[in-house]
Structure formats: structure tokens, C-alpha cells
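Peer 1: The structure that follows is given in the form of C-alpha cells.
Residue numbers (mature numbering (1 follows the signal peptide of the UniProt record, and there is no 0)): -21 to -1, 1 to 192.
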């Protein structure tokens, strides 16, 4: 158990709003220093456009079928998980078997656990976010309801050969200590924002749970 991290199935509402999706830039300066910004540099730096979740813009997402790409852009899915967490494994299996493109953030260190607490006001995993909705703990029927309400296809429509990105820590690892003359600034933590509060529910035949995004 790291920093009081728990692993069980309940429901939680995040208290901090998601930042609006925007293009981020990973900037490598002439001295090799890596920084992140929502504004491109003037010059003399290597710039890589990133999506809101830190992935290369136009990378894996551009390979998705149009319908799935539209839904994933509007209601991105993020799984917060930990090692040796059976509910996390079951949740990951459900997402992959259904062909849901998602980002996975792992909670492995005390820094990760503290960041999750600040971000979500919770110390438990798995935590799933679907657009502005948040589901704490794993429940196949509940996850399915939210994914259906968001408009994700019920059957796997990922192209053949599609590969999910490797999970990454919620807080970027710090580099090994170097001598003052050779030290470099640590890479900034991945920008992960809490979802915005959900709007009032609306029941319809296609959305019996009344989930509103």
C-alpha cells in the first residue's frame, strides 16, 4: 500500500474540473532540456505537438475509424490503476475487449498516490473517467452504461494491428541525481486533469441510466 492507496470498487465524484482539451507541446531546447507548454516556442527548439493527454497528436488516434475517433476526441477515457490490483486488471480487460481507446495512468509511488488524492480527492483505484464522468471502483455493468451513453461502439472496431500505448506513471519519474554541472531539469509531470462535473441527467430509450455528458 502506497500512501494509503486502496483498491476496491465504489463510486466517487472528482472535485476539480477538467482543463479544456488543448494542444500541448513537448519542447526540447538546444541544451537538451525538456519542457511542456500550450504555446509553441519562437525558434531553436525541437517541438512535438501533443494531445491533451500527452500523446503524439495525430498518432494512434488518427488510425481509428472516423466514428470511434470522434467519440474518443469528445469523451476521452482514462484508467487510473495500480499493480497487483485485480479490479484494475478486470477493468483493463473490459476496455480492451470492447475496443475502447484509452490512456492508462499508474499509481505506483507515494508521489503518484498524493497526486491522485489532490486530483480526485480519493486514494482508491481503479478510477475510470469518461469525458466529464467519473467512476470509482470496477463494475462491468456501470462501466458499460457510461461507455454506451458516451457513444462508444458496443463491439470492437479497432483496426487490425492497433496497439495500446504503454501505461505511464501519474507523476513522471525524476532522473537520477547528477553533479551540479551536469544536472538537467527534470521532465514536467504528465498533465492530467480532473473531469468537469456532470450535467443534469436525461433518460432516453438509448440511455436508460440517464447519464448526461
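Every residue, glycine too, gets a C-beta built ideally from N, C-alpha and C.
The structure presented is a predicted model; accordingly, all values stated were derived computationally and were not measured.
#1: Alpha carbon to alpha carbon, how far is residue 98 from residue 122? Give it in angstroms, no decimals.
#2: Leaving out five residues on either side along the sequence, give the residues of the same chain with a beta carbon under 7 Å from the beta carbon of residue 109.
#3: Are the CB atoms of residue 64 and residue 105 within a distance shorter than 9 Å?
#4: Tell me the start and end of each unbroken alpha helix (DSSP H) in the stretch 77 to 114 that is at least 4 residues and wholly inside, in chain order.
#5: Taking only the alpha-carbon atoms, compute the straight-line gap between residue 101 and residue 111 and give it to the nearest angstrom.
#6: Taking the straight line between their C-alpha atoms, what separation do you get for residue 152 and residue 79?
#7: Determine the contact status of residue 46 and residue 136, defining contact as a CB-CB distance below 9 Å.
#8: According to DSSP, is residue 55 helix, strand or coil?
#9: Compute the beta-carbon to beta-carbon distance between residue 44 and residue 85, rounded to the nearest angstrom, for a pair I have assumed lies under 8 Å.
#10: Going by DSSP in three states, residue 146 sits in which element: helix, strand or coil?
Peer 2: So, from the data block:
#1: Spanning the alpha carbons of residue 122 and residue 98 requires a straight line of approximately 21 Å.
#2: 54, 56, 125, 126 and 129
#3: yes
#4: 89 to 99
#5: 17 Å
#6: Here the C-alpha atom of residue 152 lies approximately 27 Å from the C-alpha atom of residue 79.
#7: Yes, Cβ-Cβ distance for residue 46 and residue 136 is below 9 Å.
#8: Coil.
#9: Rounded, the Cβ-Cβ distance is 28 Å, inconsistent with contact.
#10: coil
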